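A.B. asks: There's a structure below that I have some questions on.
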Amino acid sequence: MAKSVFYSFHYDRDAWRVQQIIQMGALEGQPILNAQQWEEVKRKGDAAIKKWIADQMAYKSAVVVLIGAQTASRPWVRHEIAHAWDNHKPLVGIRIHGLADRNGNTDSYGENPFSKVSLKGGGTVGDYVPVYSPSGSNSQAVYADIKANITTWVNNAYKRS
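Counting along the sequence shown from 1, when you hit position 151 you're at 151 in UniProt numbering, and nothing is skipped either side.
Have a look at this one:
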């Protein structure tokens, strides 16, 4: 049975790339809401979004942040990272900008979102959490590298005691 994880990502920009990773079948993730379902949750307000995140993350064995060009600027991604940290969920980042979108385009390299989440005692979550950058000169090679390594990367996620 595949390890069950929570995927954190920039929905509007990277949902297509994330679907490619989910379809690899190496890990079992939470259901990815379609645009209509996400809008329905958003309409209910911030408390409903926080509850959805907490409910989806509750029984997952790790949180995988799929990092695209603008992931680090997304407030809900930062919330998910902080929630995972506070709840001692293993965390790992995987860069996905090299995967093609539905139009065949790859994206630019994005900032590390973990470095945007400050810790109470100083520093950031980025001081602890590994971020993997798949190798490959095209989308197919990046896909193959993610598929070959994603289970190992998740198994090596930072586990806060």
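Every residue, glycine too, gets a C-beta built ideally from N, C-alpha and C. Keep in mind it's a predicted model, so treat the numbers as computed, not measured.
Which residues share a DSSP beta bridge with residue 7?
C.D. replies: Looking up residue 7 in the sequence shown gives position 7. 64, per the DSSP bridge assignment.
A.B. asks: Using a Cβ-Cβ cut-off of 7 angstroms (strictly less than) and excluding sequence neighbours within five positions of residue 97, which residues of its own chain qualify?
C.D. replies: Start at 1 with the first residue of the sequence shown, and residue 97 comes out as number 97. So the list reads 68, 69, 106, 107, 108, 109, 110, once near-sequence residues are dropped.
A.B. asks: Could you name the residues of the same chain whose beta carbon sits closer than 8 angstroms to that of residue 146, not counting the 5 residues immediately before and after it, in chain order?
C.D. replies: The residue labelled residue 146 in the question sits at position 146 within the sequence shown. Cβ neighbours of residue 146 beyond the five flanking positions: 21, 24, 94, 96, 99, 134.
A.B. asks: Taking DSSP as the reference, what is the three-state secondary structure of residue 40?
C.D. replies: For the purposes of this step, residue 40 is taken as the residue at position 40 of the sequence shown. Residue state, collapsed to three classes: helix.
A.B. asks: Around the C-beta of residue 122, are 16 or more other C-beta atoms found within 10 angstroms, so that it is buried, or is it exposed?
C.D. replies: Indexing the sequence shown from 1 puts residue 122 at position 122. Exposed.
A.B. asks: Taking all protein chains shown into account, decide if residue 119 is buried (16 or more other Cβ within 10 angstroms of its Cβ) or exposed.
C.D. replies: Here residue 119 is taken as the residue at index 119 of the sequence shown, counted from 1. Exposed, because fewer than 16 other Cβ atoms sit within 10 Å of the Cβ of residue 119.
A.B. asks: Check each candidate in 83, 116, 139, 36 and name the one with the smallest Cα separation from residue 6.
C.D. replies: Taking the sequence shown and counting its residues from 1, one reaches residue 6 at position 6. Among 83, 116, 139, 36, the Cα nearest to that of residue 6 is on 83.
A.B. asks: In the structure shown, what three-state DSSP assignment does residue 110 receive?
C.D. replies: Locating residue 110 in the sequence shown gives position 110, counting from the first residue. Correct three-state label for residue 110: coil.
A.B. asks: Quick one: what's residue 132 bridged to in DSSP?
C.D. replies: Within the sequence shown, residue 132 is the residue found at index 132, counting from 1. Answer is 94, bridged to residue 132.
A.B. asks: May I ask which residues mark the beginning and end of the alpha helix (DSSP H) holding residue 50?
C.D. replies: Residue mapping note: residue 50 aligns to position 50 of the sequence shown, counting from 1. From DSSP, the alpha helix (DSSP H) with residue 50 extends over 46 to 57.
A.B. asks: Which whole-angstrom value describes the C-beta separation of residue 157 and residue 90, a residue pair presumed to lie in contact below a C-beta threshold of 8 angstroms?
C.D. replies: Residue numbering aside, residue 157 sits at position 157 when the sequence shown is read from its first letter. Residue numbering aside, residue 90 sits at position 90 when the sequence shown is read from its first letter. Between residue 90 and residue 157 the Cβ distance is about 4 angstroms, and since that is below 8 angstroms, they are a contact.
A.B. asks: Within the continuous alpha helix (DSSP H) that includes residue 138, where are the two ends?
C.D. replies: As a working mapping, residue 138 is identified with position 138 in the sequence shown. Neither: residue 138 is in no alpha helix (DSSP H) and is coded neither H nor E.
A.B. asks: Distance check for residue 80 and residue 60, CA to CA, integer angstroms please.
C.D. replies: On the sequence shown, position 60 is the one that residue 60 refers to. On the sequence shown, position 80 is the one that residue 80 refers to. Distance between the alpha carbons of residue 60 and residue 80 is about 13 angstroms.
A.B. asks: Tell me the DSSP bridge mates of residue 29?
C.D. replies: One-based indexing of the sequence shown puts residue 29 at position 29. Bridge partners of residue 29: 5.
A.B. asks: Measuring only the C-alpha atoms, how far is residue 148 from residue 140?
C.D. replies: Position 148 of the sequence shown, counted from the first residue, corresponds to residue 148. Position 140 of the sequence shown, counted from the first residue, corresponds to residue 140. The alpha-carbon atoms of residue 148 and residue 140 are separated by roughly 12 angstroms.
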